[in-house]
Amino acid sequence: MSSGAAESFRELKELALSAGAEIVGEFFQVRPLADSATLLGEGKVNELKENAEAAQADVVIIDNDLTPTQQRNLERTIGVRVIDRTQLILDIFAGRARTAEGRLQVELAQLKYILPRLAGQGLSLTRQGGGIGTRGPGETKLETDRRRIAVRIRKLESHLENVRSGRLLHRQSRIAVPIPTVSLAGYTNAGKSTLFNRITSAGVMADARMFATLDPTVRALTLPSRRRILLSDTVGFIRNLPTTLVQAFRATLEEVADAHLILHVVDVSSDQAATQVTEVLRVLAEIEAAETPQILVLNKCDNLEGDRLPADVLGARLLEGTSRSGNTPVVLVSGRTGEGVPDLLAKLDEVLQFDLVETVTFRIPMKDGASIAMLHSHGRIRHEDYQGNICEIEVDAPASLQQRLKRYLVREHSLSPVENSV
Numbered sequence: 062m063s064s065g066a067a068e069s070f071r072e073l074k075e076l077a078l079s080a081g082a083e084i085v086g087e088f089f090q091v092r093p094l095a096d097s098a099t100l101l102g103e104g105k106v107n108e109l110k111e112n113a114e115a116a117q118a119d120v121v122i123i124d125n126d127l128t129p130t131q132q133r134n135l136e137r138t139i140g141v142r143v144i145d146r147t148q149l150i151l152d153i154f155a156g157r158a159r160t161a162e163g164r165l166q167v168e169l170a171q172l173k174y175i176l177p178r179l180a181g182q183g184l185s186l187t188r189q190g191g192g193i194g195t196r197g198p199g200e201t202k203l204e205t206d207r208r209r210i211a212v213r214i215r216k217l218e219s220h221l222e223n224v225r226s227g228r229l230l231h232r233q234s235r236i237a238v239p240i241p242t243v244s245l246a247g248y249t250n251a252g253k254s255t256l257f258n259r260i261t262s263a264g265v266m267a268d269a270r271m272f273a274t275l276d277p278t279v280r281a282l283t284l285p286s287r288r289r290i291l292l293s294d295t296v297g298f299i300r301n302l303p304t305t306l307v308q309a310f311r312a313t314l315e316e317v318a319d320a321h322l323i324l325h326v327v328d329v330s331s332d333q334a335a336t337q338v339t340e341v342l343r344v345l346a347e348i349e350a351a352e353t354p355q356i357l358v359l360n361k362c363d364n365l366e367g368d369r370l371p372a373d374v375l376g377a378r379l380l381e382g383t384s385r386s387g388n389t390p391v392v393l394v395s396g397r398t399g400e401g402v403p404d405l406l407a408k409l410d411e412v413l414q415f416d417l418v419e420t421v422t423f424r425i426p427m428k429d430g431a432s433i434a435m436l437h438s439h440g441r442i443r444h445e446d447y448q449g450n451i452c453e454i455e456v457d458a459p460a461s462l463q464q465r466l467k468r469y470l471v472r473e474h475s476l477s478p479v480e481n482s483v
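Here's what the structure looks like:
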């Protein structure tokens, strides 16, 4: 078994466990060509049938995409339900979706998967209408089901297009205010949600199961320079992520595509880290986010054994041969222990050339305590002086804060680079 096939098979077992299955047997076959009728060879199918009967298995999961014909033939021969990798992932997504949008997206992906698999019911489902002008062979239940599913797909696509339009309006509103958006992206189970919780104290569910996080979460985050950003945590990627899911989750994935910066989170302790990096970059290219600036976040560094290599060396090895090689900042962190998180926040301040910080002076009436408090919360105070009913404050303030309090702005000092204000 090749290393790639072994890793894919290992992932299939993790997916099955995440879906709540109990694994009672494992089988692997190497063939020069897939069988067009059953994918597997006749002998392997018979072996599966015998073992499924002996173990009283309820379902057989195949680590390949099955054609409708292959799935039907396998079920007839083995005598139990047969599902492929795509159907398993769809089942997991269906169980993890919590928001109305997430449920719509999963339902759309499931219906697109089911539609070509409705064949094979035969004339036993033929039914005739009643009344004059309706006699004849009638309409099969298959045709009726296909039409109903097609109608439901169009309705779901319309709903999701409205969601997409709503997200676009929200993004345009955010663009009007100089607050950059940063998205976490990475392979499933890379520790994105744990890192997200560590940075933002968001309380997002972090679980060792694959696809524990499905619905996106957005939180505001204040950087060491006192600039504010919006950080989002989204669904994890996986090799052979079903195309139907990529299409259905387009509205959610656009949050990643439209981000000013992507934190590409990698489980640096995994033997398959390089393969996972390549797969994530492939999906990012598929959603037109390949050119978005990235920081490679090497997570779970606390699991590394022995002497650690420098972050830039580890990053160069993982990115070797990819489009991001040589031009991506790298940070070593542990979402579980918090190690390296200050370095990550400082790197965010360095990379995000947005909402630049300047040293300026404000003269604010004492009665406007809210504005004074705002400067203390979102700026770095250099000097504060009270003159009668006026508070004069010299502060390192981002451009967005200056804009909000421009009526009190007195004069500007020299530009204070972000990295000097951290």
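One rule links them: number in the numbering used here = place in the sequence shown (from 1) + 61. The beta carbon of each residue, even a glycine, is placed where N, CA and C say it ideally should be. Bear in mind the structure is a predicted one, so any value in this text is a computation, not a measurement.
The residue from L393, E103, G227, R369 with its alpha-carbon nearest to that of V358 is L393.
CA-to-CA, the gap between G376 and V327 works out to about 10 Å. I451 counts as exposed, since fewer than 16 other C-beta atoms from the protein chains shown sit within 10 angstroms of its C-beta. K216 sits exposed, since fewer than 16 C-beta atoms from the chains shown fall within 10 Å of its C-beta. Contact check for S79 and I153: beta-carbon distance about 6 Å, within the 8 Å limit, so the pair qualifies.
In the DSSP annotation of this structure, D294 is not part of any alpha helix (DSSP H); the continuous beta strand (DSSP E) holding it starts and ends at 289–294. Membership of Y174 in any beta strand (DSSP E) is not indicated; the residue belongs instead to the alpha helix (DSSP H) covering 161–175. Counting of Cβ neighbours within 10 angstroms places F257 among the buried residues, the total reaching 16 or more. Ranked by how close their Cα comes to the Cα of S331, the residues V402, V243, D363, I442 have D363 in first place. A straight line joining the alpha-carbon of V296 with that of I240 spans about 23 Å. In the structure shown, R280 falls within a strand segment according to DSSP collapsed to helix, strand and coil. For A115, the enclosing alpha helix (DSSP H) has its first and last residue at 103–116.
Beta-bridge analysis with DSSP links E453 to R424, D446.
In summary, K253 is buried, with 16 or more beta-carbon neighbours lying within 10 Å of its beta-carbon over all protein chains present. In the structure shown, G227 adopts helical secondary structure according to DSSP, grouped into three states.
Y248 is classed as buried because its beta carbon has at least 16 other beta carbons within 10 Å across all chains shown. Within the DSSP bridge table, the entry for I210 names no partner.
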